[in-house]
Amino acid sequence: MTNEEMIAARLKPYERDYCAHLLLAFRKCLDEHAIPAFFCSDQKHKYLHCKENDHLYRMKEYERERRLLHKRTSISE
4 MTNEEMIAAR LKPYERDYCA HLLLAFRKCL DEHAIPAFFC SDQKHKYLHC KENDHLYRMK
64 EYERERRLLH KRTSISE
């Protein structure tokens, strides 16, 4: 999704991430069904799984960058 699409969908700044398209699908399901817990559990699961994976990838990237920085500083000393 583009930033303009996320703004048009009225997503809050902290919701504008890699999983925004799944959040919109989940919210649409909640609006369409009278019993959202029954009908929307699949969309909720997909969204939460995406958020977990996104967090995991961010932490791995942070650790990788930290180790590279440490390696560069130790080599230059």
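According to my numbering, the stretch in the sequence shown is residues 4 to 80, in order. Backbone N, C-alpha and C define an ideal beta-carbon position, used for all residues, glycine too. Quick caveat: nothing in here was measured; it's all calculated off a predicted structure.
Query: Taking only three categories from DSSP, how would you classify Arg69?; Result: helix
Query: Hey, how far is the Cα of Leu26 from the Cα of Tyr50?; Result: 6 Å
Query: With distances taken between CB atoms, is the gap from Asp57 to Cys32 smaller than 8 Å?; Result: no
Query: Where does Met9 land, buried or exposed, given buried means 16+ other C-beta within 10 angstroms?; Result: buried
Query: Under 8 Å between the Cβ atoms of His36 and Phe29?; Result: no
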